[in-house]
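To start, the structure itself, in structure tokens.
Chains as they are written, first to last, in this note's numbering: chain A, 25 to 391; chain B, 25 to 391.
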């Protein structure tokens with residue numbers, strides 16, 4: 025199969041369409057990686073380009089004071105009759121590009137590719153990272169592979185992920201903690217309920233506490249974070265005529281990045297102190313990931329915010345930015361497209377957002 | 025395979041052992057039914073004997089004022105190295121017969137068979153019903169088959185089931201009602217919990233109410249019934265990062281036989297009136313079976329109680345006695361063996377209980 029040609033100097037809207045038209049469902053990214061690699065090798069000047077699996081990496085080494093990392097994944101979720109791309113202009117939605125990956129995240133990739141090829145004199149050294157397998161289990165994530173196998177490629181002062189944010193800078197990310205609360209009791213036939221000790225009956229206070237909990241809203245570096253404490257699963261019961269001897273509730277705490285995972289667990293234990301000290305339930309952490317401080321106070325990040333006219337907001341979900349944050353690199357998401365349209369059959373992006381993100385980044389990277 | 029010989033005039037302890045030694049796991053009762061049928065035909069006088077599938081039925085028609093039904097199932101739960109029977113005498117437990125069915129309920133069957141063969145002049149007409157498939161799903165129950173296909177065999181004034189009661193009369197049975205309470209909400213990503221409406225959080229009040237509920241104890245015909253209201257299952261949740269939009273709790277109400285199923289459901293709705301009227305949950309009946317009044321006020325039943333020196337108690341669980349109660353026939357359980365040892369590998373009966381039950385019934389049936 026011949027390698028598709030990509031014109032990096034074309035309008036990033038057209039470049040987005042060209043990328044969408046190269047199907048690249050997770051674990052099937054060879055063709056798009058070939059196309060990106062060939063375009064980078066043929067159309068960039070002053071960049072070192074390497075290929076690693078289906079990751080394609082490029083960087084300058086001009087001795088600038090700061091290095092900016094631009095990172096985007098090349099894969100998409102499965103295609104559902106939404107490739108190739110198509111463009112429509114309607115009164116309701118204006119000029120829109122439709123197709124799998126238009127939002128998540130080939131429009132972001134297109135902006136990065138276009139700028140790398142067309143910026144005359146970047147003010148920063150640049151590192152481009154295009155990676156595979158972001159949409160599937162974390163163990164396959166190409167950025168994780170780079171972190172383990174080519175760690176020196178992740179040095180930088182600011183990292184920008186082109187994940188969809190509708191053109192707004194989203195900074196940092198919240199942490200997540202999952203705690204399993206388990207109540208135990210004694211089985212008995214339900215016809216003789218008094219012979220048993222019903223585990224499910226012990227959860228009333230915990231659920232009432234959850235319903236009454238008022239999550240914190242906190243400002244960090246000008247970003248407002250909203251925490252959340254939610255039951256995400258509950259399960260107990262043996263049979264329709266048996267007093268259950270065990271039940272669990274999984275509680276997910278999404279916490280602002282001014283708490284560590286440990287502090288987050290301390291907080292959860294405080295919230296349920298009454299149930300825990302009464303011995304009604306036990307608590308066990310089953311999953312956790314630390315948050316990422318927005319890091320917008322860093323000068324290189326502050327310049328990015330200035331280029332975006334000071335518009336930014338907190339990122340609530342967990343994304344690959346936290347990989348950079350864990351390395352001490354301020355990292356933001358910035359890309360075209362409404363994230364709520366990602367992974368949908370009717371995935372589509374207003375083309376003006378592609379232009380807008382390209383303009384913000386051109387300003388930032390040139391100054 | 026030859027038909028095993030049973031000596032009905034032998035001591036019912038030995039007859040129990042002989043019955044235990046004929047393996048008869050549910051759906052494999054042909055051999056034991058053959059043996060019982062042959063013994064009844066050869067050793068009873070004045071009885072009509074019929075075979076219906078693996079049920080064996082016999083009855084007198086002497087024109088007595090009352091008819092007593094003696095009913096027992098021939099099947100057992102699966103054997104686990106506990107057949108053939110063995111008998112031990114120890115200081116701790118005395119004289120004990122071990123084996124699958126010693127409790128549930130070949131000792132009861134043996135008493136009925138022995139009395140039918142050895143009572144010189146019963147004071148009542150007798151109907152004997154030995155049936156199959158009691159230990160498996162209700163649809164296979166041999167007594168249910170008789171009820172549908174040979175209903176005139178279930179006429180009588182009192183029915184005695186030989187289920188294990190440790191030699192005490194257990195009268196009537198409680199009803200059972202299962203109600204599914206469902207709470208609904210709106211899904212959202214748990215990183216943006218405020219966009220959703222958590223169904224699980226709505227159950228705190230319901231579980232608190234359940235834990236605080238004080239079940240009624242009520243005396244009917246001298247039997248004390250103890251009700252119970254118990255969560256027997258709870259389930260909800262979509263994924264570890266999703267606000268759940270649905271959760272249910274299954275609540276089992278075991279109610280005394282002075283309530284109908286409808287009255288029982290009315291009571292459950294009253295208990296959870298706050299949650300129901302607030303729209304936090306909906307309630308749906310998923311299973312029900314009416315209870316059975318003890319019916320000990322009936323003269324033929326009162327004579328049985330007198331024969332047992334006035335000792336009786338309420339039956340809490342649901343058993344086949346309620347099939348008779350539904351037909352308007354007072355019915356009791358009376359059999360040797362501790363019901364808590366039924367279905368166990370170490371199933372065993374103190375042989376004196378076999379003698380005791382035989383004595384009570386001999387007195388009752390002769391007077």
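Idealized CB from N, CA, C, for every residue including glycine.
Backbone CA spacing between residue i and residue j [nearest angstrom]
i	j	result
residue 166 of chain B	residue 346 of chain B	15 Å
residue 159 of chain B	residue 52 of chain B	12 Å
residue 380 of chain B	residue 133 of chain B	14 Å
residue 199 of chain B	residue 264 of chain A	14 Å
residue 373 of chain A	residue 230 of chain A	43 Å
residue 362 of chain B	residue 376 of chain B	12 Å
residue 106 of chain B	residue 370 of chain B	8 Å
residue 128 of chain B	residue 108 of chain B	15 Å
residue 317 of chain A	residue 276 of chain A	20 Å
residue 89 of chain B	residue 146 of chain B	12 Å
residue 290 of chain A	residue 314 of chain A	14 Å
residue 28 of chain A	residue 388 of chain A	30 Å
residue 110 of chain A	residue 295 of chain B	59 Å
residue 274 of chain B	residue 26 of chain B	50 Å
residue 278 of chain A	residue 103 of chain B	53 Å
residue 243 of chain A	residue 386 of chain A	29 Å
residue 184 of chain A	residue 281 of chain A	18 Å
residue 214 of chain B	residue 286 of chain A	20 Å
residue 209 of chain A	residue 293 of chain A	21 Å
residue 331 of chain B	residue 182 of chain B	14 Å
residue 319 of chain A	residue 334 of chain A	14 Å
residue 83 of chain B	residue 40 of chain B	22 Å
residue 17 of chain B	residue 156 of chain B	What the structure shows of chain B is the stretch from 25 to 391, and residue 17 of chain B is not part of that stretch, so it cannot be assessed.
residue 257 of chain A	residue 299 of chain A	18 Å
residue 30 of chain A	residue 241 of chain A	45 Å
residue 212 of chain A	residue 37 of chain B	31 Å
Amino acids of chain A, ordered along the chain, whose beta-carbon sits closer than 7 Å to that of residue i
i	result
residue 276 of chain B	214, 264 and 265
residue 186 of chain B	In chain order: nothing, as chain A lies at least about 19 Å away.
residue 222 of chain B	254 and 255
residue 287 of chain B	Correct list: empty, because the minimum Cβ distance to chain A is about 18 Å.
residue 202 of chain B	264
Within chain B, partners of residue i - CB distance below 9 Å
i	result
residue 268 of chain A	254, 255, 256, 257 and 258
residue 195 of chain A	Result: empty, since nearest Cβ-Cβ is about 15 Å, beyond 9 Å.
residue 218 of chain A	239, 250 and 252
residue 315 of chain A	Going along chain B, no residue has its Cβ under 9 Å from residue 315 of chain A, so there is no contact; the nearest lies around 11 Å.
residue 70 of chain A	Neighbours of residue 70 of chain A on chain B: none; closest Cβ ~40 Å, over 9 Å.
Partners in chain A for residue i, counting only beta-carbon separations shorter than 9 Å
i	result
residue 311 of chain B	264
Under 8 Å from the C-beta of residue i: neighbouring residues of chain A
i	result
residue 271 of chain B	258
residue 198 of chain B	215
Amino acids of chain B, ordered along the chain, whose beta-carbon sits closer than 7 Å to that of residue i
i	result
residue 209 of chain A	In chain order: nothing, as chain B lies at least about 11 Å away.
Interface residues of chain B facing residue i [CB-CB closer than 8 Å]
i	result
residue 78 of chain A	In chain order: nothing, as chain B lies at least about 27 Å away.
residue 261 of chain A	255, 256, 257, 258, 259 and 274
- Would you check if the stretch 236-253 of chain A and the stretch 335-342 of chain A touch, i.e. whether three or more CB-CB distances between them fall below 8 Å? The stretch 335-342 of chain A is in contact with the stretch 236-253 of chain A.
- Which residues, in chain order, does the stretch 224-256 of chain B contribute to contact with chain A at a C-beta distance below 8 Å? Listed by position along the chain: 224, 225, 226, 227, 228, 229, 230, 231, 232, 233, 234, 235, 239, 250, 252, 253, 254, 255 and 256.
- Query: What are the complete alpha helix (DSSP H) segments, minimum 4 residues, inside the stretch 276-333 of chain B?
  - Reply: Fully enclosed alpha helix (DSSP H) runs of 4 or longer: 285-295, 297-301 and 323-331.
- Task: Report yes or no: do the stretch 192-212 of chain B and the stretch 287-307 of chain B share at least 3 C-beta pairs separated by less than 8 Å?
- Result: The stretch 192-212 of chain B, when compared against the stretch 287-307 of chain B, does touch it at the 8 Å Cβ threshold.
- Would you check if there are 3 or more beta carbon pairs closer than 8 Å linking the stretch 231-247 of chain B to the stretch 350-367 of chain B? Here the stretch 231-247 of chain B makes no contact with the stretch 350-367 of chain B; the two share fewer than three CB pairs at distances below 8 Å.
- Is the stretch 307-323 of chain B close to the stretch 161-178 of chain B, with three or more CB pairs under 8 Å? They do not touch, by the three-pair rule.
- Please confirm if the stretch 118-131 of chain A is in contact with the stretch 140-149 of chain A, defined as three or more CB-CB distances below 8 Å between the two stretches. A contact is defined here as three or more CB-CB pairs under 8 Å, and the stretch 118-131 of chain A fails this definition with respect to the stretch 140-149 of chain A.
- Touching by the beta-carbon criterion (3+ pairs, under 8 Å), the stretch 221-230 of chain A and the stretch 183-200 of chain A: No: fewer than three Cβ pairs fall under 8 Å.
- Task: Check whether the stretch 109-117 of chain A touches the stretch 55-75 of chain A, counting contact only when three or more Cβ pairs, one atom from each stretch, lie closer than 8 Å.
- Result: Judged by Cβ distances under 8 Å, the stretch 109-117 of chain A makes no contact with the stretch 55-75 of chain A, as fewer than three pairs qualify.
- Which whole runs of the beta strand (DSSP E) in the stretch 232-266 of chain A are 3 residues long or more, in chain order? Taking only runs of at least 3 residues, the beta strand (DSSP E) segments lying wholly in the stretch 232-266 of chain A are 241-244, 247-250 and 252-261.
- Task: With a floor of 3 residues, list each beta strand (DSSP E) that falls wholly inside the stretch 42-108 of chain A, ordered by position along the chain.
- Result: Runs found: 72-76, 79-83 and 91-97.
- Query: Can you list the alpha helix (DSSP H) stretches of 4 or more residues lying completely in the stretch 175-231 of chain B, in chain order?
  - Reply: Counting only runs of 4 or more residues that sit fully inside the stretch 175-231 of chain B, no alpha helix (DSSP H) segment turns up.
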